[in-house]
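Notes follow the structure.
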Amino acid sequence: MSAFSSLGSFGLALSALELSSLDKSACQGLRFILSDFDDTLTWEGRLPVDTLRALAQLEANGIKVIPVTGGCAGWSDMIARSLPVDGVITEGGACFIGKTPDRHLSYAFWREEAEMRAEQARLLTQVNQLLAEYPRLRLARDQAYRLTDVAIDYAQDVKPAAIADKDACLAALIAMGLNAKASSIHINVCSQGYDKFSMAQRVLGEVYGLTEAQQQEQVLYVGDAPNDESMFARFPLSVGVANIAEHLHKMQHRPRYQTRQPGGLGFAELADVILSAR
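My numbering puts the first residue of the sequence shown at 1077, with every later residue one more than the last.
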């Protein structure tokens, strides 16, 4: 674990329990960790060494880690191929990139891929028209590698982060009837009918054979932003890394536990607690 000390700018949420209170028997029954990626597995744009070590240790102890991200499918393909994870739910729940027994990748979309690509083209037209009103915002650099959704950058390559414009643009998108959610760096705009939890439930049931009751007992979710609310609302074992503190005031569904470290350092902190209980 890193000697990186707990950052003063992130306080433990009043509504969250300290990670030390995570029940040991729950840790012993854990089979899956679903995790956001940006600012949950990463920190300040990089994957900490502690995070990579934690992922490898969890895999060695039989715990499958599945990132659940709003990131593009192209990037998620790389994550699935190169990191010790069991697959990736990408583009906010639009697609699951899984691994076959011989380590090849397979893509499973929420609906037919052609239908989702056509919807993406329509969304892109609408978003481009709206962005003319917000000159500080732009399409994410990875838009060309997205298969289903549209991502608007407000804090990834836009520095300083355009928070006010993000809030106004998000409100405008919702007023247009579009399915839009903010992550810690992007606004993601996608088709209606799915989110992170919907695809996670499908993957856990259809790919791994877990009943809904088993999902409640054997799966932990960890995240950092308002677009993780659908997961926090439905998984009793839920953890926010420390940097979620800045978003909690506008979240209806909050994590049950919170780490003291931010981002990937918090994920490594969580892994230490889980593995020490096993």
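Ideal placement from N, C-alpha and C gives every residue a C-beta, glycine not left out.
Rounded Cβ spacing between residue i and residue j (contact assumed at less than 8 angstroms)
{"i": "MET1315", "j": "VAL1298", "result": "One point to set straight first is that residue 1315 is Val, not Met, in the sequence displayed. Their Cβ separation, rounded to whole angstroms, is 4 angstroms, which keeps VAL1315 and VAL1298 in contact under 8 angstroms."}
{"i": "ALA1149", "j": "LEU1181", "result": "Rounded, the Cβ-Cβ distance is 11 angstroms, inconsistent with contact."}
{"i": "GLY1163", "j": "ASP1271", "result": "GLY1163 to ASP1271, Cβ: 18 angstroms. No contact."}
{"i": "LEU1199", "j": "LEU1254", "result": "7 angstroms"}
{"i": "ALA1276", "j": "MET1307", "result": "7 angstroms"}
{"i": "ILE1109", "j": "LEU1093", "result": "Actually they do not touch by this definition, with Cβ atoms about 18 angstroms apart."}
{"i": "PRO1302", "j": "LYS1257", "result": "7 angstroms"}
{"i": "LEU1098", "j": "VAL1349", "result": "6 angstroms"}
{"i": "ILE1142", "j": "VAL1161", "result": "6 angstroms"}
{"i": "ILE1261", "j": "GLN1232", "result": "4 angstroms"}
{"i": "SER1267", "j": "GLU1195", "result": "5 angstroms"}
Close beta carbons around residue i, own chain, < 7 angstroms, minus the five adjacent residues each side
{"i": "GLU1293", "result": "GLY1105"}
{"i": "LEU1159", "result": "LEU1131"}
{"i": "ARG1212", "result": "VAL1234, ALA1238 and ASP1241"}
{"i": "LEU1286", "result": "LEU1280 and GLN1294"}
{"i": "SER1274", "result": "GLY1169"}
{"i": "TYR1183", "result": "CYS1171 and ILE1173"}
{"i": "PHE1343", "result": "SER1111, THR1116, LEU1117, THR1127, ALA1130, VAL1298 and VAL1317"}
{"i": "LEU1246", "result": "ALA1256, ALA1258 and ILE1263"}
{"i": "TRP1025", "result": "It is not possible to answer for residue 1025, since the shown part of the chain is limited to 1077 through 1354."}
{"i": "MET1327", "result": "PRO1302 and GLU1305"}
{"i": "ALA1353", "result": "LYS1100, CYS1103 and GLN1104"}
{"i": "VAL1203", "result": "VAL1226, ILE1228 and VAL1265"}
{"i": "TYR1221", "result": "CYS1148, ALA1149, GLY1150 and TRP1151"}
Residue i, DSSP secondary structure in three states
{"i": "LEU1346", "result": "helix"}
{"i": "LEU1095", "result": "helix"}
{"i": "PHE1278", "result": "According to the sequence shown, residue 1278 is Arg rather than Phe. In the structure shown, ARG1278 sits in a helix (DSSP, three-state: H, G or I)."}
{"i": "GLN1328", "result": "coil"}
{"i": "VAL1125", "result": "helix"}
Close Cβ partners of residue i (< 6 angstroms) along its chain, the five nearest in sequence each way excluded
{"i": "SER1078", "result": "Only weak support exists for where SER1078 lies, its pLDDT of 38 falling under 50; the value from the coordinates is given anyway. Closer than 6 angstroms at Cβ, skipping near neighbours: ASP1126 and LEU1341."}
{"i": "ARG1107", "result": "GLN1294"}
{"i": "PHE1080", "result": "Confidence at PHE1080 is low in this model, with a pLDDT of 33, below 50, so its placement is unreliable and the value that follows should be read with caution. Result list for PHE1080: LEU1341, in chain order."}
{"i": "GLU1345", "result": "THR1335 and GLN1337"}
{"i": "LEU1223", "result": "ALA1149"}
Residues bridged to residue i (per DSSP)
{"i": "LEU1215", "result": "ILE1228"}
{"i": "ASN1419", "result": "Past the edges of the chain, shown from 1077 to 1354, lies residue 1419, and the structure says nothing about it."}
{"i": "SER1111", "result": "PRO1143 and VAL1298"}
{"i": "GLN1334", "result": "GLU1094 and GLY1316"}
Own chain partners of residue i with C-beta closer than 8 angstroms, once the 5 adjacent residues on each side are dropped
{"i": "ASP1218", "result": "GLY1147, CYS1148, GLY1150, TRP1151 and ALA1227"}
{"i": "THR1176", "result": "SER1182"}
Considering only residues of the segment 1128–1210, which uninterrupted alpha helix (DSSP H) runs meet the minimum length of 4 residues and lie entirely inside it, listed in chain order? 1149–1158 and 1189–1207
In chain order, what are the residue ranges of uninterrupted alpha helix (DSSP H) at least 4 long that sit wholly in the segment 1218–1250? none
Taking only runs of the alpha helix (DSSP H) that begin and end inside the segment 1276–1310, which ones reach a length of at least 4 residues, in chain order? 1288–1294 and 1305–1310
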